[in-house]
Every structure is written in C-alpha cells, then in structure tokens.
Amino acid sequence: MNFSKNQKNVIELINGDLLVAASAGSGKTAVLVQRIINLILNYNVSMNEILVITFTNAAAAEMKDRIVKALEESINDENKYILEAQLMMINNCNIQTFHSFCLDILKNNYYKLNLGSNFKIVKDSQRKMMIENALDDTFDFYYENEDKEFLNIVNIYGGKYSDSKLREIIISIYKFIQNMVDCDEFIKRSISVYELKNNEDVFSSEIGKVLRSRLIEKSIFYKEQLSDFMIGIPSDEKIYNVIENDISIIDSLLDKINSCYEDVYNYIHNIKFLRLPKLSEYYKEIRGGLKDFIESLKKSIFIVDEDALKLQISDVKNIVIKLFEVVCDFRDKFLSKKLSKDFIDFNDMEHLTIKLLNDSTICNYYKNKFKYIFIDEYQDTNYIQEYIINKIKSDHNVFMVGDIKQSIYGFRGAKVDLFNKKYTNFKKVDDITYIDTNENKILLYDNYRSRNEVINFINFIFKNIMVKGISNIEYTPEEYLNCSSNYETIKNENENFEGEVTLSIIVNDDEDSEKNVEADEIECNLIIDYINKLINSEDKVYKIYDKNINTYRKVEYRDIVILIRNINGSYISKLLHEKLKECDIPSYFDGGSQFFDRIEVITVMSLLKIINNPIDDVDILTVLKSEIFNFSNNDLVYIRYINNNDYLYNNIKYILSLNFGHEDKVFLNDGFSITYDKFKTLYDKCMFFLNKINEYREKSLFMKIDEFIWFIYKDSKYYFLLSSMEDGLDKQANLRIIFNKAKEFRSSSFSGLFNFIEYLNYSNKVGDDTLVPKNISENENVVRIMSVHKSKGLEFPIVILCNTSGRFNFKDLMSSMILHDDFGIGLNHMDYNLNLETELFMKNIMKEDHKYKIISEELRILYVALTRAKEKLFITGTYNSDKDFKRVEDIHKCRSYLDFLCNSLMKHKDGEVILNYPCNVLSYNDLNERKFKINIYNRTNFTKHKKNENVDKNIKLEDIINEDSSSYDYINDIFNFKYDYDDAINMPINLSVSEILSYDEEGRLNINFKVPKFIDDIKNEEVYTSLDIGNLYHFFMQNISLKSNIDYEYLESEVNRMLDSEMISFEDVKYLNIHKVLKFFESNLGKRVIECFNKNRENVYREFEFLMNHRIDKINENNDLRIQGIIDLFFFDGDKIVLVDYKTDKNIFNDNKVIPNRYKEQLYYYKIALNKIFNVDVSESYIYSFENNKAFKV
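The sequence shown begins at 1 in my numbering and counts up one residue at a time.
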C-alpha cells in the first residue's frame, strides 16, 4: 500500500504520546496495523508487549485478522522466525475491548476484592430484575421508617398515584454517577454547588461565577450586534436614539452584572424600551432578540430576589442530599444482590479495576508489561477508561486514533472533551524530523472513500454549521476532507458513472393538510422512485465502482442503504419497509424492537402466561386461536356466550361440567343453544385444551425451564408447524431465541415459570439486543434500512438519508431533573404549599449546557451519516410550511438536520431555490453545471394511491383531481376523514367521582398536590390528617359487626377485636371517637339501618364499589366516561334504596343548613350508579356528619 506523507509520519513516529485525528475514509485502521508491524520489525517489540484497545469485539477480531495478514505478507528469509513467533502469539495477545481488558485484570486479581473465582457478567434482563428488586428494598426501608424527607421527595417527584417517577430519577442518578471515576467525590462536588457561605453574594459562588460570565458574554454579543447596526445611521434619525438607548440598557446591565445578583434583579424588572419608529423592520428583528434575552432573564434566572433565592437553594440542597443518600443505599443493595449470585456488571468491572490499579504492585505490573498502548476510536472514551489508561501507561507511550467529528455515543458516556482537550493542547506535526515535545498530533484528512461531489458537499455543509456557539467543535479549513479517491471520469449518454448529491424537500402548501397525502408517504414514494431509477431505468444504466472486481458494474439493491436517525422511534422506518415490499424491492429492516410483536412470540408468551395463570382473556384468546388448539371464531363466540361477565377459562370449565346426551340441542345458557354435533366438537376441543394446560402446569413445577420450553414446542408441534408457514425459518429462529433466553435464565440461578415470564418482560422493556435474529448476510442483495449509529464504520456506494426533518429530542430539558458532569444535579424548587414550581439558575445553566451538547452531538451524527456515502447521496425531508425556510435563516433556530442543511445551503449559489422559495417551485439544477441539486415539492402535487376494487384501476391522475370525476367524491372522503371520537383520545380510562368533582363547569381540571395513595396508608405517629381520620371512621363503619342492640360497651369490644386482629392500631384508637359512632346508631337513620339488617342482612351494603359508563357534559359532552367510586352505605327500604355518605369534615355543617354543591354532585353520581346496577330508584339520600352528630337529607 502506498502511504501518504502524514500516514508515514503516523507509522514511524513511535516516541511520545500521539493523537491521530483521522477523518472518515482516511485509512486509519490500515495505518494503525502498519504501525504495529513497524514496531515488531524495526524495534524488537513483541505482540505481547502491546495493548490494543477497541470498542467492539468485531473491531478487535478485524484488527487481529489484519495484523495476521500484514505479518504473513511481511515474512521473508531474514525475519521468518521472528514473525512466525509473533503469529503464534496473536490469539493470546492483548487486542481487546476495554471491558475485556478489565475482565482479565479482575480474573487475575479477584482474590484481592473478596470476589468469587467463578464470578459472571450479569445479562441485561437479569440486571434489570435485580435493579427493580433492589429499588423495592430501598424504598420499603424508607417507607417502613416513615422517613419525612424521603416522603417529601416522593410527594414532589414521585408522580400522581405512585412513586414510579422517583424510581426513574434514582436509577438515572445511579447510572450517571457510575460513569464517574470517584462517585463519592462527585456527590460531594454536586452538593457543594448548592452551598452558599454566610452573606455571600450568589455571583460569588462557583456556579454563580459561571452565571456571571455567561451573562456578560451574551450581553456583549447583543451590544456588538446593535453597535454594528448603528454604523452609518445619521444621529438625527429617530432610530439612532432608539439604538443608543438600547445600548445604554445593555451597558447598565453589564454594570449590574459586575456588581451583585440583587442589583441585576432590581434592574431587569424595571427596564423600559423606547418605542420603535416605523420603517424599522430589520432592526425590529435584531431588537426582538435583545428583548427575548431580557425576558428570559426575568423568567428563567432572576425570578425572585436574593433572599428568596437563597431559601430556595437551601431547600433544594436538602433534597439533593436526600436523593444521593437514597441512591447510595440503592447502590449498596444492588451490589449486594449481584455479589450474592457472583454477578458483576460492566460498571462494576470498571470500578473494581480502578480499585485494583490503585494498588501500586498491580499497577506497576501492567506498566511494565505494555511498552506501547493503542486506543482505537478514542473519541468514544469515557472518564473511567481514560483514568485506567493513565494508570497503566508509562511515560508517553500511548497512541490514540479517532475522529472527534464522529463522536456519537454521548448517551453511553463517551466524553468528547477528552479528545478535544488533547486536540487543542497537542502540537501538530508535519515533519517528524523536527520533534520537540512528547505530546503530538497528526491529521489524516485525506479521504479515500468518497467522490469529489460528496466530499465538497460535506465540507460546505459543515463549515457553515459546525461553528462556535452552535457546536463544541469547529469545522475549520484544517478539518476539511481532502478527496484522494481515484474514481474514473467516464462520459456516456446511455450510462451514468457520476457522483451526485440531491436534496428533496416536501412542503405543505395547503393549510388544510387533511386534503393532502401524508408527508411520510410522499417521502417514501420519492425514495422508491429514486431506487427504481437507479435499478430499473430504461433511459440510462446507473453504475458504481466495485473495488472487488476493480471495475464499474450496474447498481444493485445491496449497494443502497437508507439511514434514519431514530429507526425504532420513527413511523417512517416501518412504513418505508412496507412500501418497499409492496413495490417488490427486497429490503432488510434493521429495527430491534419488534421481536415481541411477532405473532409466534406473542403466542408462546400467551401460552406461558395462561399455564402460570389462566385468568386472562386476552392471552387465552390468543392461544385458543393459534395453530396449537385451532378454535374457530364460532367456537369462541359460543364460549363467550355462556357468561359474558365471567372469564373464558371459567366458561370452558363450565362446558366440561355440562351433562348431555344425544339431544338435538344443547343449551349453553337459558336462552341460547347449539346443535349436538357443534357442542360435541366444542366439548372435545375444550377437553383437549384443559388437559394440555393442566399437564403443562404440572410439568412446569419440576422441569428445568429451558427443557420445559422445548417440551412445549415438541408436544404442541407448534415449532414444526411454523416451518410450513411463510417466513417459517425466521419464525422458528424466534422460538429458538426464547429457548436460549430460558437457558440464560436458568444459568443465572433463577427459577420458576412466573419469574421467567417476568424475565422476558424485562427483556422487552430494556430492548435486549439478543432478541434480534440476524438472518441476513453482508452480500445479500437487499436494500438495508438502518440507524445512523449502526452504520458507523461502514460505507455504501449509495446512501439515502431520510426523515431529516425529525426534530432533535429535547425531552430531557423539560424534565424536573438535569444531570451535569461538573455541577451534578439540577432541580426545580417546589413549593408544596403554594403548588409553585420554580427553575433555579443552577438548573438553567445545566439545561443550557445539555442543549448545547445535544445539538453538537446531532451535528456529529449528521456528519457520520453523510460520510457513509461513496458515490451518491440522496437526502429527503418535509416542512409543514414555507415559513420554515424563513425560520432556518437563523442558525440558532435550527432544530433538525433539514434545518441545518437548508441554513447552510442558503449561503451557496446553488441554494437560491431555498432562499427564494416559494417563488421557485420545483426548481432543478443542472448537475453538469452545479455541484448538487435541490428539489422542492408541494404536497398538493401528490395523490395518495388507495387500493379499492370498486374504483377503476386505470383511472388517470387528471380525472381524480377533476371535481367532475366520478371518483372525486370517493377520494375526497378519504382525504377528509375525521375521527368521530377525536375529543376522547386524551381522556383517562377511568375517572373516580372525586376526580370528577375536581372539574369546574367549564371542564377545567383544578389540580392540587396531594399525597400519593400508597403514602396515605403510612400512618404518621405525630399527627393524623383530616384524611387519615376520615379513612379511619370509614374503615371502622365498614368492619363493625352489626347487631340488634349496639351500645358503648359493644363498640368498645369491637375496637378491641380489631386491635387484636391488627386491623387498627393503638394510635388509631386515639382518633376514633366511639361516642360519635354511637350517636349514629342512636339516630333515626342508624336505627333504620339496624332494622333493615335484622330483617335481611343482604339488604345492607357498606363500602360498595361500582364501575359505570356515564356521560358528563362538563368533561366530555360527546362520549361516555367510565366512572368508578365507593359508596359508604346504602340499604333497601322495601322497594326503594336509602343512600348514606359519611363526612368527618369540620366547620362544614355548622349552620346545619348549607350542604356544599360538591357533596350534592357526589350523591348524584351514586344515585345514577345504584339505579343502573339494581334498576331501583334512590328514594332518600343523606349526608351524615360525625362532627355534628346529625344526618342531613339531600
């Protein structure tokens, strides 16, 4: 191989630490391998003295193969014995991932960590189960100890009805701190962010200084903008005075910022801008930015004065301390659970390795062992991995290669600043004969992969968007890709050998978008048309260069890849796969989240569930309908018709209990019968089903879970039946995956069918990669649909990048918590009493940094996507309005790949079509004269094709668009379809009566903070709330044994009975006034209850739960809602119902006259429910007040 000058420098510069910035397609792997060969041949270095760190096992295997091939090619008579010895070492040499390297250290030194010699790496699903169990134990501990601070954070962050959100927060913090070298030190540093010294100004704190610096920077930015605009404007014009005043506002603001927080707070809340004169539209836009900046300071930073802010900071500090306490308790319990089963995870592996390397003996061993350390893909390194390398390195013996512009694994903990810092500090080397430092860098930006058209496009895009203020790296001329590929230029009218870049944008040009085709479908159609043009064009044969045959050949499907940013989260990925299939274009959709959606997997999962617990109609229907039992639709109707209110499993057992002879008909219920022959067939199927389920359940109790799964496959013949179906081999592969998961489950010391079902559920929840069968070879002739992340390291002749208008995911910025590498946890301040949430400036700073990181990484992901292309690049995206083109002129308003592409292309002469849209619609640039082409389509130019047998298949597009066409109404109805129950989409499934009462007459929900129900049940030893007391009275009235004569002594005996059975506690008795209860039974209403009970105890109902459908106009006037509630007491008086509701509230009935409307409304819904259930009217309804010892008729 002929190496370039810089590549030779990399190979030959062996002294000192060397950072190689190698761009996409620059041949970095070949250079790395040759550098190793150079060390072996020329410097007497052995393979076992070299450590090579890669980031995937596949990369490590490829590296070994390349080294073996290079060694074999280098063998001659002089070095034969040396290189053959190196070849013998290759299988045991240290070419491995970080985790494999850590694992080796642990295996050799486990006894120093009290770690078992047979420790194992826990699987993701197992780990998830242990996390849940450890969380349960942690939270139970705090609940049982009634920890007030913990209950406070549950109220604030736990969620409406559970503590699920708080659990998510604890896990997020835990995962985040696990990426830190010293977790405890990070916790201390995070808490210190909220510590202010006595009388210390906010700006004087560590993070306050950061705030001040950023405020000064932004203020100067706006001042410079205004000053630049002011140049050339005569001082006698009105606008001059306005700008001058605006600049003086900024100057005053800068003075206040340099003073103290309180001065800024007082100043910005009193800023007044002069009125802008007419004919100042351009300045109006600039000034709008300044006003927005001032307004953001008021609403996001300087919300309260300094005293109030300090109180808020103190409150949040206490919460941060408690959160870390809970996280540490969880960490200890989680680790204990892992170690009890001899498990460790990847985080443990790294932290335990650090612990070992802090031992000087072990550390020195590895320092002496490796003369040279190589790190591939250095841009993906995290803090812990960097620490480990620094511990084992000798003085300047580390070789690092990577591309900072391809750092796209921030979500896995990769820290781009590690590369960036070295890139900034290391000295650039052009000539290795003049080296005066031990920290050098060499740039490899010659691209041997892509055509000039592709490279020029990439360079132009990123020089305009990877800029300071938008990205944390800058795409300077030094970073430009240099085209070093040798594609032959061939001109032929009938053949296309050219490189090309095309951007196609679909714009919604009609406000009534329902009349138009969905944008995703149009985008799919554009992609399909492009693929068909490349493969099936009759006018021209499209060719690409194939290096394997060293010549051009016709484009094939395998040459094409379709890249999508979020393959599992976007609708278009699945739609595109379906559309390609419809058009007979072979494709492979590399989406990993569909395993549990496949029918054969659903069937087996449902079978396992009903073996464990048959009382689930959905699962039992799935199994009955499957090929295993073959129940017909009529069979299922018959089973359901027996009792529509009972479980199907019970109905099946009822069928088997029926006594029948050879009658003409068999009655399934009082009003429905079927013929004997039909019943006999149904009976036999039910008998077979029930026997099999019972047999499987019995075997599940003693068989090993993997053996049990395979037994089901064989006994039911389901595994073999699948082979005869379409895609049968794939279906069988999916069942083998379940079997393998069962073996994995058993090997982890777990057991039991129920636990295995939960294990699979966890695998589904965490997105286990092992659940994605790989049934495609590299050379299979299909179009591949894959995520940008999975495409990294690959190259394709033709790349289609679609769905570029998908917005970046800023969801984390909206959450109640932000995590920051330097400042720790950012939280909102929550005033529980005032129901007021305030964002502290600490969180605002962290949020700003996080947003900056998100955008920076998204730009790097775009760079990775575009640099996969060798010859042709086709990009598609959609805009909802032509106003988007105006919006993206401001790069700070760009929120998608398409936004950034358009922003950049507006600066190019070929981008005028974007800048001037909509004047130039469907403008095509001539590729012979232009560098790329841009196509803009209006959505109304497209018609949606629907299959309909009643419509003439030969109908023309012009006829459909023509309103006089017979098909117009049909097409128009489809396009104008509106869901009839659109207003019910966002309604909750169930509403309690209490929740209904929270809505006002206009249907607005009055939200108040309330303690979650599961915390209500935890009794506070110091004080009982009114809610606690109310629940106590209700509970006592529900469980008291009624009898003819109830007096004080009897009530005392009932209290003692409940105490003895632990139904209530001694603390409860303090708040239960037996005299008040006795007053109820002595009242006329109480006597009527006893009288009714003595006549027929079944006519008295206490704490009666109901569920009904009913329309509530103030919430949804078009649809019924499902209402649930609990009625305290009602009894039958003859053929009428008497309704009673207890109240323990104080000061409500003091005047003995006024009954609150909410109580009337509450009883109104109870009356409706009782009428629907019993078909009997409620003749009387009462509210009984224990506080007033009186019943009030409603």
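Yeah, the Cβ is synthetic: ideal placement off N, Cα and C, and Gly gets one too.
Contact between the segment 468-482 and the segment 851-868 is established, with three or more Cβ pairs separated by less than 8 Å. Only residues of its own chain outside the window of five on either side were considered, and among them Ile854, Ile855, Glu858, Arg895, Ser896 have a CB closer than 7 Å to the CB of Phe808, listed in chain order. Per DSSP, the continuous alpha helix (DSSP H) segment holding Gly289 begins and ends at 281-296. Going by beta carbons, Asp664 and Tyr676 fall inside the 8 Å limit. Residue nearest to Leu576 within the set Ile14, Tyr1165, Phe589 is Phe589 (criterion: CA-CA distance). Partner residues in the beta bridge of Asn94, as assigned by DSSP, are Leu51. Check the Cα spacing between Asp315 and each of Leu873, Met1108, Leu827: the tightest is with Leu827. Annotated as distal: Tyr387 and Ile362, with beta-carbon spacing of 8 Å or more. In the structure shown, the three-state DSSP call for Asn245 is helix. Per DSSP, Asn145 is not a residue of any beta strand (DSSP E), being assigned neither H nor E. With distances taken between CA atoms, Thr867 lies nearest to Glu795 out of Gly806, Glu795, Lys847, Lys933.
Around the beta carbon of Lys415, a 10 Å sphere encloses 16 or more other beta carbons of the protein chains shown; the residue is thus reported as buried. Shortest Cα-Cα distance from Tyr530 to any of Ile75, Ala733, Ser724, Val783 involves Val783. DSSP, read as helix, strand or coil, puts Leu71 in helix. If you draw a straight line from the Cα of Lys1079 to the Cα of Tyr649, it comes to about 49 Å. Around the beta carbon of Val618, a 10 Å sphere encloses fewer than 16 other beta carbons of the protein chains shown; the residue is thus reported as exposed. Within the same chain, Cβ atoms closer than 6 Å to the Cβ of Arg1111 are found at Asp1120, the five residues on either side in sequence being excluded. If you look at Leu83, you'll find it in the alpha helix (DSSP H) that goes 80-89. If you ignore the 5 residues before and after Ile207, its C-beta comes within less than 7 Å of the C-beta of Val193, Phe823, Met842, Ile845, all in its own chain and listed in chain order. Asp446 and Ser23 have their alpha carbons spaced roughly 8 Å apart.
Non-local beta-carbon contacts of Asn643 in its own chain, meaning distances under 8 Å to residues more than five positions away in sequence, involve Asn650, Asn651, Tyr654, Asn669 in chain order.
Annotation note: the segment 653-700 contains the following uninterrupted alpha helix (DSSP H) runs of length 4 or greater, listed N- to C-terminal: 676-700.
Taking the CA atoms as reference points, Tyr365 sits about 25 Å from Leu19. Two segments are said to touch when three or more pairs of C-beta atoms, one from each, lie closer than 8 Å; by this definition the segment 89-108 touches the segment 48-65.
Taking every protein chain shown into account, the CB of Asn464 has 16 or more other CB atoms within 10 angstroms, so this residue is buried. A distance of 8 Å or more separates the beta carbons of Gly728 and Leu735. Judged by DSSP in its simplified three-state form, Ala414 adopts coil rather than helix or strand. Cβ atoms of Tyr557 and Asn781 come within 8 Å of each other, at about 5 Å. One alpha carbon belongs to Asp684, the other to Phe745, and they sit about 36 Å apart.
In terms of Cα proximity to Ile153, the closest of Met817, Ile1064, Ile1155, Asp1128 is Met817. Taking C-alpha positions only, Tyr261 is separated from Phe203 by approximately 6 Å.
By alpha-carbon distance to Phe1036, the top candidate from Asp1068, Phe756, Lys1043, Ser1026 is Asp1068.
DSSP places Ile473 outside both helix and strand once states are collapsed to three, so it counts as coil.
With contacts defined as CB atoms closer than 8 Å, Ser992 and Gly877 fail to qualify as a contacting pair. In the DSSP assignment, the residues bridged to Ser504 are Thr876, Asn935. By the C-beta density criterion, Leu1085 is buried, having at least 16 other C-beta atoms within 10 angstroms.
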